[in-house]
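Everything on this sheet refers to the single structure shown next.
Protein chains: 2
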Amino acid sequence: MRKIYDCDRGCPVQNTLQFIAGKWKSVILYHLFKAEVLRFSELQRRLPYVSKRMLAKQLAELEADGLIIKRIYPVIPVKTEYRLSDFGQSFQPVIFAMEAWGENYIKKSYQGSSR
Amino acid sequence: MRKIYDCDRGCPVQNTLQFIAGKWKSVILYHLFKAEVLRFSELQRRLPYVSKRMLAKQLAELEADGLIIKRIYPVIPVKTEYRLSDFGQSFQPVIFAMEAWGENYIKKSYQGSSR
DNA sequence: CAGTATCCGAATGGATACTG
DNA sequence: CAGTATCCATTCGGATACTG
């Protein structure tokens with residue numbers, strides 16, 4: 001993902017994936033849809049299994065692709081905030097479809113045998 | 116993806132991703148939604164930028180997870196067919212949301228400046 | 001606080017050759 | 001045809017230490 005040479009420009013799904021297929025991108029977007037605004041440390045708390053290094057990298061890519069907006073407050077210690085851009089907002093149907101599937105899956109898993 | 120230790124069991128999106136986050140899985144599913152049944156070679160033609168090795172691996176994982184069904188015909192040369200299982204079908208809303216986003220993106224890209 | 005730099009082992013994935 | 005096996009370069013990603 002991200003690289004143009006491994007993306008089929010004619011395939012709609014590929015076009016979508018080039019933006020959200022990063023290892024943790026969909027989850028980051030999901031949390032931003034839920035919370036509107038999140039600081040770096042708040043994202044860390046929501047994704048405890050993701051290293052700081054990876055989180056920073058995924059956020060940088062999302063920002064470079066224009067899905068999220070980073071706001072830095074020049075205070076000490078530094079404070080940053082991340083939120084979805086309009087472009088990022090446009091992925092709502094995709095992320096919410098994932099959420100819906102996952103919620104249904106969890107529900108069924110608790111009711112008895114999964115799938 | 117795939118590994119339990121990098122999946123937050125409480126996050127719906129993570130639950131979904133553990134099945135479809137493989138590098139080419141969503142695209143494979145997408146083509147199976149479109150075509151119903153596809154042979155290995157037909158999938159290769161639809162994903163020319165994916166190596167045979169990778170395609171086989173992704174298909175094996177999708178089958179192991181129960182999203183697709185593989186049918187082997189004992190003829191020479193061998194013939195195999197892949198199709199979605201009911202479980203695989205359940206991802207339709209997710210895959211179609213990706214398709215819809217991608218189609219809209221492509222349309223806008225051709226109309227003028229992208230995003 | 002919010003990162004970045006460096007080191008380094010682990011995993012990824014292409015190319016090629018081989019098989020029933 | 002539909003894979004699998006092997007080799008090997010590249011990338012990934014964790015741990016740790018450092019910075020404005």
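Protein chains in written order, with the working numbering: chain A, 1 to 115; chain B, 116 to 230. Using N, Cα and C, we set each Cβ at its ideal position, and we do this for glycine too. This one's a predicted model, so the numbers in the text were calculated from it and none came from an experiment.
Exercise for the section: Taking a Cβ distance cut-off of 8 angstroms, strictly less, list which residues of the stretch 168-194 of chain B are near chain A, in chain order. Expected result: Answer set for the stretch 168-194 of chain B: 181.
Practice task
With a 10 Å radius around its C-beta and 16 neighbouring C-beta atoms as the bar for buried, classify residue 78 (chain A) as buried or exposed.
Solution key: In the first sequence, counting from the first residue as 1, residue 78 (chain A) sits at position 78. Of the residues assessed, residue 78 (chain A) falls on the exposed side of the cut-off, its CB having fewer than 16 other CB atoms within 10 angstroms.
Problem - Whole-number beta carbon distance between residue 101 (chain A) and residue 190 (chain B), since they are thought to touch under 8 angstroms - result: The residue labelled residue 190 (chain B) in the question sits at position 75 within the second sequence. The residue labelled residue 101 (chain A) in the question sits at position 101 within the first sequence. That belief does not hold up - the Cβ atoms of residue 190 (chain B) and residue 101 (chain A) are roughly 37 angstroms apart, past 8 angstroms.
Exercise for the section: Please name the residues in the stretch 95-113 of chain A whose beta-carbon is closer than 9 angstroms to at least one beta-carbon of chain B, in chain order. Expected result: Correct list: 95, 96, 97, 98, 99, 100, 101, 102, 103, 104, 105, 106 and 109.
Handout entry: Within 8 angstroms, strictly: CB atoms of residue 83 (chain A) and residue 27 (chain A)
Key = In the first sequence, the residue the question calls residue 83 (chain A) occupies position 83. In the first sequence, the residue the question calls residue 27 (chain A) occupies position 27. No, these two residues do not count as a Cβ contact at 8 angstroms.
Exercise for the section: Could you have a look at residue 76 (chain A) and say whether DSSP puts it in helix, strand or coil? Expected result: Here residue 76 (chain A) corresponds to residue number 76 of the first sequence, with the count starting at 1. The DSSP-derived three-state label of residue 76 (chain A) is coil.
Problem - Nearest neighbour of residue 31 (chain A), chosen from A:110, A:92 and A:111 [CA to CA] - result: Within the first sequence, residue 31 (chain A) is the residue found at index 31, counting from 1. When each option's Cα is compared against that of residue 31 (chain A), the closest is A:92.
Problem - Cβ contact check for the stretch 152-170 of chain B and the stretch 124-132 of chain B: 3 or more pairs under 8 angstroms - result: Segments in contact, no.
Exercise for the section: For chain B, find out if any of its Cβ atoms is closer than 8 angstroms to the Cβ of residue 82 (chain A); answer yes or no. Expected result: By one-based count along the first sequence, residue 82 (chain A) stands at place 82. The beta-carbon of residue 82 (chain A) is placed no less than 8 angstroms from the nearest beta-carbon of chain B.
Exercise for the section: May I have the straight-line CA-CA distance separating residue 63 (chain A) from residue 179 (chain B), to the nearest angstrom? Expected result: Within the first sequence, numbered from 1, the residue matching residue 63 (chain A) stands at position 63. Within the second sequence, numbered from 1, the residue matching residue 179 (chain B) stands at position 64. Approximately 35 angstroms, taken between the alpha carbons.
Exercise for the section: Using a Cβ cut-off of 8 angstroms (strictly closer), state whether residue 204 (chain B) contacts chain A. Expected result: For the purposes of this step, residue 204 (chain B) is identified with residue 89 of the second sequence, where counting begins at 1. Not an interface residue.
Practice task
Mind listing the chain B neighbours of residue 27 (chain A)? Cutoff is C-beta to C-beta under 9 angstroms, in chain order.
Solution key: Reading the first sequence from its first residue, position 27 is the one you call residue 27 (chain A). Contact of residue 27 (chain A) with chain B by beta-carbon distance below 9 angstroms involves 123, 126, 128, 129 and 132.
Handout entry: Opposing strand residues paired with residue 196 (chain B) [DSSP bridges]
Key = As a first step, residue 196 (chain B) must be located in the second sequence, where it is residue number 81. According to DSSP, which records beta bridges pairwise, residue 196 (chain B) is partnered with B:186.
Practice task
Would you grab the beta carbon distance between residue 66 (chain A) and residue 90 (chain A) for me? Rounded to a whole angstrom, and I think it's under 8 angstroms.
Solution key: Within the first sequence, numbered from 1, the residue matching residue 66 (chain A) stands at position 66. Within the first sequence, numbered from 1, the residue matching residue 90 (chain A) stands at position 90. Not quite, the Cβ-Cβ distance comes to about 10 angstroms (not below 8 angstroms), so this is no contact.
Exercise for the section: Take residue 49 (chain A) as the anchor and find which of B:163, B:129, B:173 and B:155 has the nearest alpha-carbon. Expected result: Translated into the one-based positions of the first sequence, residue 49 (chain A) becomes position 49. The shortest C-alpha separation from residue 49 (chain A) is found at B:129.
Handout entry: Residue from A:59, A:108, A:80 and A:112 whose Cα sits closest to the Cα of residue 20 (chain A)
Key = Taking the first sequence and counting its residues from 1, the one referred to as residue 20 (chain A) is at position 20. Of A:59, A:108, A:80 and A:112, the residue nearest in Cα terms is A:59.
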